Amino acid sequence: MDRRTDFTPRMDARTRALRTLAPLSYRRFAGGIADVWRVRGEVGGGGFYVSPDPRIVIYLDQTPPTTAIRTAQNGQEQRGLQGFYIPAGVPLWSRMEVGQDFTHLDFHLDANNLHRRLADAGVHADLTQPRMLHSNSALLTLAQLAADEVRSPRHGDMMLDGLLAATLGQIFTAKAQEPASSGGLTAHQFNAVERHLRQHLNRHITVAEMADIAGISESWFAHCFRRYRGETPLRWQARLRLEAARDMITSPDISLADVAHAAGFADQAHLSRAFSKAYGQPPSAWRRLLFQQS
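Shown next, in the form of structure tokens:
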């Protein structure tokens, strides 16, 4: 049997307020299948997904969709993701917070083949835990190249296989590249900085102050943070403020001026400009649409 045809995804997907904008593109390879989806989602749209096979999903747009993702019934929602790795049997819930179009690449993988690929590369990763993938220019470039090859095959199986191998390297060797002993930013340090920012959203936190919380120098913090998160500390801080403002806007009891102040914006106009740039519409329109949907 051709190794490219002996695997079929077994996804249980229950979606709402999502519709495809283009025919599905897919391509089989040894031990898996890759597909590319172009989707339009409405506010509140999303779905529940579970599969007996592991999979990788990567958003192909420069700015990922404004979607809340969780992998447990009452689990914490994550936002601003470039993509994610979901192990076999792990459920996933998604919820659109802004109506928008988006494109994503999915790699559905045979579990044994995935184990073998990583073992052959000398990578020992825990494949039972989900991995949430934040902004990463290298990962996005690899996914875009793979999606092009899925939609318009030009270079044969070796090209797609190589892009998958590089993608797996980006996902499963990130921690190995940044051991704590090398002075890199640890999860504990990052969590402490994030907690500090969320407790003081209404004022500007300098990179020097973040570094002080992490217990390392400002220059080394900025360097390690970019490697750890794929974005600068100040860009991350701006995104946290926008996400906090977006969450507060869902409450009809707080004015937009108060939202702006609580989230650290100079005034309501500043919030409106930043919100419109990130989400394609001002907060007043986003709030109005949200209440109409509910």
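Quick note: the sequence shown, position 115, residue 115 per the UniProt record's numbering, numbers continuous.
We put the CB at the ideal spot given by N, CA and C, even for glycine.
Since this is a predicted model, take the numbers as computed values, not measurements.
Would you please state the rounded distance, in angstroms, between the beta carbons of residue i and residue j? I believe it to be under 8 Å.
i: residue 7; j: residue 161; result: That belief does not hold up - the Cβ atoms of residue 7 and residue 161 are roughly 14 Å apart, past 8 Å.
i: residue 151; j: residue 25; result: 4 Å
i: residue 20; j: residue 39; result: 6 Å
i: residue 267; j: residue 278; result: At roughly 17 Å, the Cβ-Cβ gap does not stay under 8 Å, so residue 267 and residue 278 are not in contact.
Within 10 angstroms of its Cβ, does residue i collect 16 or more other Cβ (buried), or is it exposed?
i: residue 219; result: exposed
i: residue 66; result: buried
i: residue 291; result: exposed
i: residue 252; result: exposed
i: residue 100; result: buried
i: residue 275; result: buried
i: residue 124; result: exposed
i: residue 167; result: buried
i: residue 74; result: exposed
i: residue 112; result: exposed
i: residue 23; result: exposed
What is the DSSP secondary structure of residue i, counted as helix, strand or coil?
i: residue 266; result: coil
i: residue 116; result: helix
i: residue 291; result: helix
i: residue 78; result: strand
i: residue 27; result: strand
i: residue 127; result: coil
Step through the CB atoms of chain D and report whether any lies within less than 8 Å of the CB of residue i.
i: residue 185; result: Given the protein chain composition of this structure (a single chain), no chain D is represented.
Assuming residue i is part of the alpha helix (DSSP H), what are its boundary residues?
i: residue 141; result: 137-151
i: residue 167; result: 156-172
i: residue 197; result: 187-199
i: residue 212; result: 207-214
With which residues is residue i paired in a DSSP beta bridge?
i: residue 104; result: 37, 59
i: residue 13; result: 49
i: residue 230; result: None; residue 230 has no bridge partner.
i: residue 99; result: The partner list for residue 99 (beta bridge, DSSP) is empty, contrary to what the question assumes.
i: residue 20; result: 39
What are the boundary residues of the beta strand (DSSP E) that includes residue i?
i: residue 94; result: 92-96
i: residue 68; result: 67-70
i: residue 86; result: 83-86
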